[in-house]
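Visitor:
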Amino acid sequence: MALESILFWLFAMLAVGGGVGVVVHPNPVKSALFLVVTFFALAGEYVLLMAHFVAIVHIAVYAGAIMVLFLFVIMLLNVQEESRLAGVWGFMRYFSVVLFVALFVQLGYFGYQGFFGAENVPLVRETEIGTVEQIGTALFSQYVLPFEIASILLLTAMIGALYLSKQKLGLGEPARAARVKEALHEKEEAH
Amino acid sequence: MVTINIGSSDFAAILPILVVCAFGIYLMVQGVLAPRIHKLTLAYIGLAGIMIAMVSNFYLLGIETDRAYFEGMVFVDKLTVTLNFIFLLTAALCLLLMTSYSEQEEIEFIEFTPLILFATAGMMLMGCAESLMIIFLGLETMSIALYVMAGFRRFNRFSLEAALKYLLLGAFATGFLLYGMALIYGTVGTTNLTQISAYYSENALNLNVMALFGVALLVIGFGFKVALVPFHMWTPDVYQGAPIPVTAYMAVGAKAAGFAAVLRVLVLATGQAAFEWSQLLWLLAVITMTVGNIIALVQSDIKRMLAYSSIAHAGYIMIGIVAGNETTVSAVLFYLVVYMFMNIGAFAVAGIVSGKNEQHVDIKHFAGLGKSQPMLALVMTVCMFSLAGFPPTGGFMGKLYLFKAAMESGYTWLVIFGALNTLISVYYYIRVVVAMYFQDSKESVKMAAVLPGVGLVLLVTLLGIFYLGIFPGTTLSLLY
Amino acid sequence: MLSIPVHYFLILGAILFGLGVVGVITRRNAIVIFMSIELMLNAVNLTFLAFSNYLNNVEGHIFVFMIMVVAAAEVAVGLAIIVAIFRLRETVHVDDIRLLKW
Amino acid sequence: MEDFIWLIPLMPLLGAIINGLFGHVLKGKAGLIASIAVLISFLYSVKAFLMVLDGVTFDGDLFTWIAAGSFQANFGLRIDQLSSVMMLVVSGVGFLIHVYANGYMHGDRSVGRFFAYMNLFVFSMLMLVMGNNLLLLYLGWEGVGLCSYLLIGYFYDKPSAAKAGLKAFLVNRVGDFGFAIGIFIIFTTIGTITYSGIFENVERLVSAGVVTTASLLLFMGACGKSAQFPLYIWLPDAMEGPTPVSALIHAATMVTAGVYMVARFSFLFSYSETAMLVIVIIGTFTALFAATMALVNNDIKRVLAYSTISQLGYMFIGVGVGAYAAGVFHLMTHAFFKALLFLGAGAVMHSLADETNIQKMGALYGKIKITALTFIMAWLAISGIPPFSGFFSKDEILANAYAYHPLVWFFGAVGAFITAFYMSRLVFLTFFGESRVDPEVEKHIHESPRVMTIPLMVLAFLAVVGGLVGIPQFVADLWGGSNHFHHFLEPVFAAANERLHLAHLSHALEYGLMLASVLIALGGIYLAYLMYIKKAIDPDALAAKYKGAYTTLYNKYYVDEGIDAGLLNPIVVMSRWLWHFVDERIIDGLVNVSAKIVMLISLLVRRVQTGYVQHYASVMVIGVILVLGYYLFS
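First to last, the sequence lines map onto chains A, B, C and D.
Be aware that the first sequence starts at 145, since it is given in our numbering, and climbs by one per residue.
Be aware that the second sequence starts at 485, since it is given in our numbering, and climbs by one per residue.
Be aware that the third sequence starts at 394, since it is given in our numbering, and climbs by one per residue.
Be aware that the fourth sequence starts at 132, since it is given in our numbering, and climbs by one per residue.
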């Protein structure tokens, strides 16, 4: 078995194992760490696909930024270990396995049957498209509009996240916040 | 060497989007730099921006239409212009509603105005997209703004619950949408809609499973945004929890944007292979209408009722999509315009009746409105009759065109289902009218004041509904 | 590096996507649900890159960048919402957050 | 003609707008404005009618309404013999009722609203009869339904009124559903919505094999609007509305829209024997069924409501057997005498402080003479006593029914007998016999004001002589005259009549049938007389006064008893049973049960919306799997 095949299987197993860990581990912190494992494994797969630049960005963005944010929030909220869905809804666990199998058979098996032909199995090719230069050229010529839209999108997200998480209400009027909370309680009682 | 083939005409093609984004950024900076500025001033600047964008929208008619710009990223045609108009008008009306709503609820226009402007920009991008990438980015810009807007009453547990549910399920649906895009990309080798269209029409007879799955997942992703059953589950909860002007914006704008994408992809791009999915869409349309209408029957919360009604209306619009002939686009667009007026009108009245903290959102709180607030009751009645599809309102004409489009393609049974559903829907719309005119209010409901802003919205919706109902011809010929 | 068939990557993507779906359905913690959605998006990224390599086309890479941007934006907003809810309700379990129903 | 006809519908619309916007300022003047608006319409209608009489008809477009791609709809009117008659009836009777309503609604809180609705109704009804295309027909069709709903629920303080309005509205939706689908089928098959275009291309419907379906769907709409079995259930409840509304909408005009529509589409219907047969069967059944339900009812307006349903059944028999002119003729005469009956009933209620129970009336003849006299004329007209108007129209329908099938005639004749009986009962109990009026109320009995009695007199005049325009041909032959009405409408129905080849009866048979009609009517009246007048005479006093005659009378009383036990009791029992059991339980029940089932489903289905995000997500995933599976296996 060639080296790349070994690497593929290794990363694949790591990715799937990490994924399973995310889904089943009751502790959110551990789940997050399993997700980091998956991310690293996926970065390896990207390299195998000759997407070096994406692989680096992936590590930087996902493992570096997003996962830190996740962990930060988990720690901040001091989230406890989660008990499983209780009562009648407990069957969701078993049901979800059925859904998984169905979805996988459809997407993974039937969806890609076109690739299964014995003679012409398309293999991963040696290519230059994943280089920084290629991507940079594309990004600033043909794909300049999506690139700019992405900035608006990030701006939107920034405004939204700021608004939702800022502490004080309005222009520094704590009294107002108290009023709102009061009204809230009234409404709850009405319900 | 890198060559950039982007000229001034390319920017002209997205002029309304640029205007809206520029105003959004300006307002954000303004709000930060001059925090003492009166909050309503920000809203009015935003309105001015929308107005300017509307004017600049006409500029699009001046440039060369029916071609792609930005290296095949956006496409300018009559559909683009009409959709831009719908999105901008919706944003303007909802922003006006929000100015009144801010009297009963603390609303921070420093954040709200840029958000609604960016959301509108996202919708407009979906409307003019020529690439799956633009559709995706536009959809996400819109969605992220909407997630936040749904939770805008951030000290209200209902509002935040709505935001969380919308976000989780929305991101979940985005996953399916992206998977579909990936499969289409894998099949065709590009995300350009014109090339996708060419591929699907050439290979209409021997599309492989992957190609079909791609479109199916795309339909599911858009179906989530427009609330097709069974991807509608979020709708009632989110509509109920979100602040009323935001609900109106979601119900109209997001749905119109979703259908814009459906039109772009299903009708215009992959339309040639339509027979492959027309049966599926047929089924979705029938299920959507029926489920929406049947559950709406027992709702007592006006927002929730309107949410199920909006699901049902997504089903009606699907009738036009299923038809898939040359009248589809104009019929769907006309219905979207009508739908905008009648829904915003209904939500505007609901916003006034609900009063402080949205306490009075039950249908029983509408009792006696006919006596105490005859003009409000009139607008609500007209909106309800229009939603139920009575002549001479726009709702009737809209349904007429949709059904006509379906009939022309021979979908008689679909039209019969549509008419049956209309029959059912009358019952719950009329309940509101009955409450307003034929019942006396048992408790004195303290309503919000009718401010000039919301008064303008009511007037525009009333005139719009009647104008479209009585003189639909001019609008229809302008649309597409 | 020519011996790995492309559809291996595709099938790996499908598995990860399915795992993400399972996570969304079975977990109670909104943050973990969110992480499962990230898993789904990463599966899509893998699929895009596999196709990009198979087609020798750079568009897939660009798309992956866009997805990353969107994912980051969604996470920012989503975590902000979760924090806001936690402040109000002191829970992040979605099955406790069901005032809106029927 | 196009220089003025657009004014005819416009005037009531203007009136509606003025009253709607300024009603609260105008107060008492609202009725005046409304009446003048309808009067102007009426005068122009007369002008149009006179022009049509001279042979000038109009069928054209005033302006392009909607033009979008392949679809074009014009605001087009069609003024021909049929629509000019309908316009006269709508605006003429409408005007009289408006005048009457000025008195009847005097002092009501929101007169402006009332007259705005009334004018809006007249506008919609005129659009319905004047339009030259399906879209305007549908517009008018929905418009009158809406006004009817608003007016039935006018006294919304009364929960029963609001409920009745809702019932009328929802039941009509069922009919309108079929109607709309029928219109759609015609439109998509033929590709045009104008009547002229449709009539030229009926063959296309035939070759597409949908002519029967389309006709039956249209008739379904007519069943709802014209209160035919089984969609009649809303009409008796609709009596909760103010009496002028009952007279205008639920007797004279709106409920006849279905008859008008079938007559308008006579050419289309003539292509489908099945549809015609269904119309005849439904019409016959309704005529008989509704009449029996009127037998024992004690509410004066409800008796009239069942009578209206029954009379509408006769009209459908007429248009169903192909005697379109006869059907329309009966529509017209019915508009006169039934409006009169309702207005008379309103005047009686007015005099008696809104008492509607005929068991609490009696001997009113001397006290409110004008009302009583006009009511009696209407009674004679509806019972079919020559030469009152109802006689000629009903006789013509029955004669044509005999030609179609004697059985239809037989059921119609039985219905006529019952009609004569219950109407006589109504009149006798109300105006004759001994007074059973509440003594408190009796002190205040007074004749209605002039503004109410004058319309009564005009209508009474019409009810008496209105039939003379349609004297049957074989009678008119005696002096070389002709059936003017028939003749006038001839051009409209020529094409349909040509296809149908109506059988002709011998003159002897026609005379015989006519005689039978008269005897039946007289028999019904006599029977009621025996029962309700004779019974009212105090036997003891009689016995003391006329000792010799007593025995005879007494014996006669036995006859009465015999009739009572042998013939009438079963009928009365059956009538009660029909009314209470079939009408209230089964038909109403079916409607309620189906509504309840839908509600139950709704209550169950909403439970799917549990509020759990996980469930929402799993529903979505199931949806995804099903959608993908669909592609996989198709």
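Every residue, glycine too, gets a C-beta built ideally from N, C-alpha and C.
Here the structure is a predicted model, which is why all the values come from computation and not from measurement.
Alpha carbons only, please: which of B:887, B:534 and B:954 is nearest the one belonging to residue 902 of chain B?
Guide: Residue B:887 is the option with its Cα nearest to residue 902 of chain B.
Visitor: Return the residues of the segment 183-208 of chain D that lie within a Cβ-Cβ distance of less than 7 angstroms from chain A, sorted by chain order.
Guide: Listed in sequence order: no entries.
Visitor: Does DSSP put residue 761 of chain B in a helix, a strand or coil?
Guide: Looking at residue 761 of chain B - three-state DSSP - the assignment turns out to be helix.
Visitor: Could you check whether the Cβ of residue 436 of chain D sits closer than 9 angstroms to any Cβ belonging to chain C?
Guide: Residue 436 of chain D does not count as touching chain C.
Visitor: What residues from chain D crowd round residue 414 of chain C, counting only those whose CB sits closer than 7 angstroms?
Guide: Per Cβ cutoff of 7 angstroms: 752.
Visitor: Could you name the residues of the segment 250-278 of chain D whose beta carbon sits closer than 8 angstroms to any beta carbon of chain A, in the order they occur along the chain?
Guide: Listed by position, the residues of the segment 250-278 of chain D near chain A (Cβ gap below 8 angstroms) amount to none.
Visitor: With 16 other CB atoms within 10 Å as the buried threshold, where does residue 411 of chain C fall?
Guide: So residue 411 of chain C counts as buried.
Visitor: How would you list, in chain order, the residues of chain A whose beta-carbon sits under 8 angstroms from the beta-carbon of residue 625 of chain B?
Guide: Those are 293, 296, 297 and 300, listed as they occur along chain A.
Visitor: What does a CB cutoff of less than 6 angstroms around residue 535 of chain D pick up in its chain, not counting 5 residues either side in sequence?
Guide: 452.
Visitor: Per DSSP, which one or two residues make a beta bridge with residue 676 of chain B?
Guide: Paired residue(s): B:615.
Visitor: Using the rule of at least 16 other Cβ atoms within 10 Å of the residue's Cβ for burial, across every protein chain shown, is residue 849 of chain B buried or exposed?
Guide: Buried is the call here.
Visitor: Just the chain B side, please: which residues come within less than 8 angstroms of residue 440 of chain C by C-beta, in chain order?
Guide: 663, 666, 667 and 670, listed in chain order.
Visitor: What residues from chain B crowd round residue 490 of chain D, counting only those whose CB sits closer than 9 angstroms?
Guide: Near residue 490 of chain D there are no residues of chain B at all, since even the closest Cβ is about 30 angstroms away, more than 9 angstroms.
Visitor: Using DSSP with H/G/I as helix, E/B as strand and the rest coil, what is residue 842 of chain D?
Guide: The structure shown does not extend to residue 842 of chain D, since chain D is modelled only from 132 to 765, so the question has no answer here.
Visitor: Going straight from the alpha carbon of residue 955 of chain B to that of residue 881 of chain B, what length do you get?
Guide: Using only the alpha carbons, I get a separation of about 9 angstroms.
Visitor: For a contact defined as C-beta to C-beta under 8 angstroms, what are the partners of residue 730 of chain D on chain B?
Guide: The contacting residues are 781 and 782.
Visitor: On the CB-based measure, 16 or more other CB atoms within 10 Å of its CB, does residue 206 of chain A come out buried or exposed?
Guide: Buried, because 16 or more other Cβ atoms sit within 10 Å of the Cβ of residue 206 of chain A.
Visitor: Going along the chain, which residues of the segment 241-255 of chain A sit with their C-beta nearer than 7 angstroms to a C-beta in chain D?
Guide: The segment 241-255 of chain A vs chain D, Cβ under 7 angstroms: 243, 246, 247, 250 and 254.
Visitor: Does DSSP put residue 486 of chain C in a helix, a strand or coil?
Guide: DSSP places residue 486 of chain C in strand when its eight states are reduced to three.
Visitor: For a contact meaning CB atoms closer than 7 angstroms, what does residue 303 of chain A contact in chain B?
Guide: Under the 7 angstroms cutoff, chain B gives 512, 595, 598 and 599.
Visitor: Taking the alpha-carbon of residue 138 of chain D as reference, which of D:253, D:463, D:624 and D:554 has the nearest alpha-carbon?
Guide: For residue 138 of chain D, the nearest C-alpha among the options comes from D:253.
Visitor: DSSP three-state call for residue 191 of chain D: helix, strand or coil?
Guide: Three-state result, residue 191 of chain D: strand.
Visitor: In this structure, what does DSSP give as the bridge partners for residue 150 of chain D?
Guide: Per DSSP, none; premise fails for residue 150 of chain D.
Visitor: Hey, is residue 487 of chain C's beta-carbon within less than 9 angstroms of any beta-carbon in chain D?
Guide: Residue 487 of chain C counts as touching chain D.
Visitor: Which residue marks the beginning of the alpha helix (DSSP H) containing residue 101 of chain A, and which one marks its end?
Guide: Because chain A in this structure spans residues 145 to 335, residue 101 of chain A falls outside the shown range and cannot be described.
Visitor: Residues in its own chain within less than 7 angstroms of residue 754 of chain D by CB, not counting five upstream and five downstream?
Guide: For residue 754 of chain D, where only same-chain residues beyond five positions count, there are no Cβ hits under 7 angstroms.
Visitor: When burial is assigned at 16 or more other CB atoms within 10 Å of the CB, is residue 431 of chain C buried or exposed?
Guide: Its Cβ being crowded by 16 or more others within 10 Å, residue 431 of chain C is buried.
Visitor: Spatial neighbours of residue 827 of chain B within its chain, please: CB distance less than 6 angstroms, with the 5 preceding and 5 following residues excluded, ordered by chain position.
Guide: Closer than 6 angstroms at Cβ, skipping near neighbours: 735 and 736.
Visitor: Helix, strand or coil for residue 694 of chain D, going by three-state DSSP, please let me know.
Guide: Its pLDDT being 44, under 50, residue 694 of chain D is placed unreliably in this model, and the coordinates cannot settle the point.
Visitor: Could you please give the first and the last residue of the uninterrupted beta strand (DSSP E) stretch that includes residue 559 of chain B?
Guide: 558-560 is the extent of the beta strand (DSSP E) around residue 559 of chain B.
Visitor: Over what stretch of residues does the beta strand (DSSP E) that includes residue 551 of chain B continue unbroken?
Guide: Where residue 551 of chain B is concerned, the enclosing beta strand (DSSP E) stretches over 551-553.
Visitor: Tell me whether residue 635 of chain D is buried or exposed, calling it buried when 16 or more other Cβ atoms sit within 10 Å of its Cβ.
Guide: Answer is exposed; the Cβ neighbour count stays below 16.
Visitor: If contact means a Cβ-Cβ distance below 8 angstroms, which residues of the segment 455-481 of chain C contact chain A?
Guide: Answer set for the segment 455-481 of chain C: 455, 457, 458, 459, 461, 462, 463, 464, 465, 466, 467, 468, 469, 470, 472, 473, 474, 475, 476, 477 and 479.
Visitor: Any heavy atom of the ligand ATP closer than 8 angstroms to the beta-carbon of residue 285 of chain D?
Guide: The ligand ATP is not part of the structure shown, which contains no ligands of any sort.
Visitor: Please check the pair residue 829 of chain B and residue 867 of chain B, which I expect to be a contact at CB under 8 angstroms, by giving their CB distance rounded to whole angstroms.
Guide: Residue 829 of chain B to residue 867 of chain B, Cβ: 4 angstroms. Contact.
Visitor: Closest to residue 420 of chain C by CA distance: which of A:173, A:217 and A:167 is it?
Guide: When only C-alpha atoms are compared, the closest one is A:167.
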